[in-house]
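One structure below.
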Amino acid sequence: MNTVDLLFYLFATLAVGGGILMVISRHPVSAALFMIISLVSVAALFVLLEAFFLAILQVLVYAGAVMVLFLFIIMLLDVGPDGGKVSRIKLITGFAGCVSVSILIILLLQLFGTSIGDNSSWPAIENSQYVNGDSLLFATSVKNFGYGLFTKYMLPLQVAGFLLLAAMVGVIVLSKKSLPTEGR
Amino acid sequence: METITPQHFLILAFLLFSIGFLGVIIRRNLLLVLMSLELMLNGVNVALVSFSRTSLNLDGSLFVFFIMTVAATEVAVGLALLVALYKRRKSVFSEDTALLKN
Chain F
18 MNTVDLLFYL
28 FATLAVGGGI
38 LMVISRHPVS
48 AALFMIISLV
58 SVAALFVLLE
68 AFFLAILQVL
78 VYAGAVMVLF
88 LFIIMLLDVG
98 PDGGKVSRIK
108 LITGFAGCVS
118 VSILIILLLQ
128 LFGTSIGDNS
138 SWPAIENSQY
148 VNGDSLLFAT
158 SVKNFGYGLF
168 TKYMLPLQVA
178 GFLLLAAMVG
188 VIVLSKKSLP
198 TEGR
Chain P
1213 METITPQHFL
1223 ILAFLLFSIG
1233 FLGVIIRRNL
1243 LLVLMSLELM
1253 LNGVNVALVS
1263 FSRTSLNLDG
1273 SLFVFFIMTV
1283 AATEVAVGLA
1293 LLVALYKRRK
1303 SVFSEDTALL
1313 KN
């Protein structure tokens, strides 16, 4: 077992364990902190997958901005511990557990069903060079990332920017104190 | 990347997705529901980057970029809605938002 394997198992355990602890934690603040552990571990896994730019983005955007926003809202609303309350109706909880586990089992069966024998050959991936004629080659540098964003994905990039603008306006409207003349 | 195959990353992605789904369904605190949604999106991101790395195709990584954008937007709007809800009902629990059936 070499170093990469060890790092993979370490960060995979941290990611899954952080996720589980987040779901079952009693206090929202501790849930947010477990979530940060999970997100940073996923960033480390991105490094193992040689997606360095995405790892940086994961730490900056998710572990930085999004979770700070979560913690800010938790402390603004002063949400106390809820005792890890789950849905009051036991039927719904049991049903959710069954559906979640069955999704996992179906996905795993699908995965192992398609790759009996050779571990690293998938039909979809072998044919990918025929499917995508002008696909962008995977690269670790930010330059290739930016090239892809500004050529092939120019329109989605603009739409994403517009989405951010719309979300900003929407959030301002939602959190604005309504004026007394407006009424409800 | 000798012994760690893409299967390992995919199993991890499925686990993250399932845990996130469980959290979305069973938790009553809406803040926790939003966090579980983020976990589900992270599972999808792991799968996409793993496929992208395996097939030497940058498109998957670029999709992860857009997923991150949409997730950040979704969290911002969701938390603003949550604050607006808290102002009216003084609660962040999902069962307190049931207007039609009490």
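Heads up: the sequence lines are chains F and P, in that order. Residue numbers are given in this note's numbering: position 24 of the first sequence equals residue 41, and the series is strictly consecutive. Residue numbers are given in this note's numbering: position 74 of the second sequence equals residue 1286, and the series is strictly consecutive. Every residue gets a Cβ at the ideal spot worked out from N, C-alpha and C, and that includes glycine.
| query | result |
| --- | --- |
| List, in chain order, every chain F residue whose beta-carbon is nearer than 8 Å to that of residue 1282 of chain P. | 177, 180 |
| Rank F:189, F:170, F:191, F:66 by C-alpha distance to the C-alpha of residue 24 of chain F and give the top, closest one. | F:66 |
| Just tell me which of P:1300, P:1294, P:1311 has its CA closest to the CA of residue 1241 of chain P. | P:1294 |
| Would the beta-carbon of residue 155 of chain F fall within 8 Å of that of residue 1264 of chain P? | yes |
| Quick one: which chain P residues come within Cβ less than 9 Å of residue 74 of chain F? | 1276, 1277, 1280 |
| Consider the Cβ of residue 133 of chain F: report whether some Cβ of chain P lies at a distance smaller than 8 Å. | Summary for residue 133 of chain F: the model assigns pLDDT 45, below 50, so the residue's position carries little reliability; its value from the coordinates is reported in the next sentence. Taking Cβ atoms only, chain P never reaches closer than 8 Å to residue 133 of chain F, which makes this a no. |
| Check the DSSP bridge columns for residue 1269 of chain P and list the partner residues they point to. | F:154 |
| Would you tell me roughly how many angstroms separate the C-alpha atoms of residue 136 of chain F and residue 1225 of chain P, rounded to the nearest one? | Bear in mind that a pLDDT of 47 at residue 136 of chain F, under 50, signals an unreliable position, so the model cannot answer this. |
| Based on Cα-Cα distance, which residue from F:32, F:72, F:68, F:63 lies nearest to residue 1251 of chain P? | F:32 |
| Just reading off the alpha helix (DSSP H) that residue 20 of chain F is part of, what are its end residues? | 20-41 |
| To which residues of the same chain is residue 35 of chain F closer than 6 Å at the C-beta, ignoring the five residues directly before and after it? | 51, 54, 55 |
| Here's the rule I'm using: 16 or more other beta-carbon atoms within 10 Å means buried, otherwise exposed. How should residue 1266 of chain P be labelled? | buried |
| Rounded to the nearest angstrom, what separates residue 112 of chain F and residue 1230 of chain P at their Cα positions? | 13 Å |
| So who's on the other strand from residue 1305 of chain P, going by DSSP bridges? | P:1241 |
| My output table needs one value for residue 193 of chain F: the three-state DSSP class, helix, strand or coil. | coil |
| Under a CB-based cut-off of 8 Å, is residue 87 of chain F close to chain P? | yes |
| Which parts of the region 59-109 of chain F are runs of the alpha helix (DSSP H), unbroken and 4 residues or longer, counting only runs that do not cross its ends? | 69-74, 84-94 |
| Within 8 Å (strictly less), CB to CB, does residue 158 of chain F reach chain P? | no |
| What is the DSSP secondary structure of residue 169 of chain F, reduced to helix, strand or coil? | coil |
| Work out the CA separation of residue 38 of chain F and residue 166 of chain F for me, nearest whole Å. | 36 Å |
| Is there at least one Cβ from chain P nearer than 8 Å to residue 184 of chain F's Cβ? | yes |
| With a cut-off of 8 Å on the beta carbons, I'd call residue 57 of chain F and residue 76 of chain F a contact; round off their distance for me. | 6 Å |
| Kindly say whether residue 120 of chain F, judged by its beta-carbon, lies nearer than 8 Å to any beta-carbon of chain P. | yes |
| Nearest to residue 96 of chain F by CA position, among F:170, F:60, F:48, F:20, is which residue? | F:48 |
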